[in-house]
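Written below as structure tokens is the structure these notes are about.
Numbering (full-length UniProt numbering), first residue to last: 1 to 285.
And the structure:
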């Protein structure tokens, strides 16, 4: 297939460490996992996690946690999923400190076999406060991140799926970062669709299609109009839509639907909403 012998671990080392190939997809500061990435994942369990580390004295697990976070901090490109394997360790430490709050004898060395005849009818006040604190912080965050934040791509595909079912969609162009939507997995129709390519170039400094669009959306759209046929629908984020609105109107498109996406930016300009444009001749169907 490659015309030569390939050793996957060696290629991984060369791409990610020796040539910093992962940086192509974006970079963060070296401290990102410690100050933002992993701290957001642990969230309000952080004080309990720290207490668990101190009182459990399980330094091997602590060392493993620190080593993984430190090792991945060397890489320029960072993602939450890279450190997911050590999240359970942090939560175990949190659970240990919560167990200590409920029963302080958990941390004492076992001299004798403990008697379990005594039963607690209710949690100690500190334990109740800890549980309420975790519920009050995690439930709203879970609901917001699961149901509100960056929901636009799914809402767009639900809308396009309904329109396609009624025969109103002929083709779709996604002027978004690559893989920004669930794509065919939610459309359930065999329609021609296209999104901006973000395949890394082997030559440094050469921009991919997605970066060329983000750099100059108007110029990119003009070249696209000269070299390709127009789709029935175009999907793009509000930040790019503001720059392309006049061009889209000149190409006989009109705004069909706008979907909320996010209240704040994450790793690029604020993508407050996702906008669907339809070509006028198709909107009359």
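The beta carbon of each residue, even a glycine, is placed where N, CA and C say it ideally should be.
- Distance from the Cα of residue 156 is smallest, within the candidate group 74, 87 and 260, for 260.
- When the beta-carbon positions are compared, residue 253 and residue 281 stay at least 8 Å from each other.
- Using a 10 angstroms sphere on the CB of residue 265, the tally of other CB atoms stays under 16, which defines it as exposed.
- Annotation: residue 169 to residue 160 spans about 7 Å, alpha carbon to alpha carbon.
- In the three-state scheme derived from DSSP, where H, G and I count as helix and E and B as strand, residue 246 is classed as helix.
- Listed in chain order, the non-local C-beta contacts of residue 20 below 7 Å within the same chain comprise 76, local neighbours out to five positions each way being set aside.
- Three or more beta-carbon pairs drawn from the segment 125-139 and the segment 90-102 are found closer than 8 Å, and the two stretches are therefore classed as touching.
- Cβ-Cβ distances below 6 Å link residue 15 to 21 in the same chain, with the five nearest sequence neighbours on each side left out; the list follows chain order.
- Counting only runs of 4 or more residues that sit fully inside the segment 173-246, the alpha helix (DSSP H) segments are 184-187, 209-215 and 217-227, in chain order.
- DSSP places residue 257 in no alpha helix (DSSP H) but in the uninterrupted beta strand (DSSP E) bounded by 253-260.
- Looking at the backbone, the Cα of residue 276 and that of residue 188 are separated by about 18 Å.
- Between the beta-carbon of residue 193 and that of residue 171 there is about 7 Å, and that keeps the pair under the 8 Å contact cut.
- Counting of Cβ neighbours within 10 angstroms places residue 78 among the buried residues, the total reaching 16 or more.
- Rounded to whole angstroms, the gap between the alpha carbons of residue 139 and residue 18 is 42 Å.
- Within the DSSP bridge table, the entry for residue 279 names 253 as partners.
- Distance between residue 38 and residue 247, taken at the CA atoms: about 42 Å.
- For residue 96, the enclosing alpha helix (DSSP H) starts and ends at 87-102.
- Pairing residue 176 with residue 236 gives a Cβ-Cβ distance under 8 Å.
- The segment 50-83 is shown to contain whole alpha helix (DSSP H) runs of 4 or more residues at 59-74, in chain order.
- The alpha carbon of residue 221 has as its nearest neighbour, out of 25, 244 and 201, the alpha carbon of 244.
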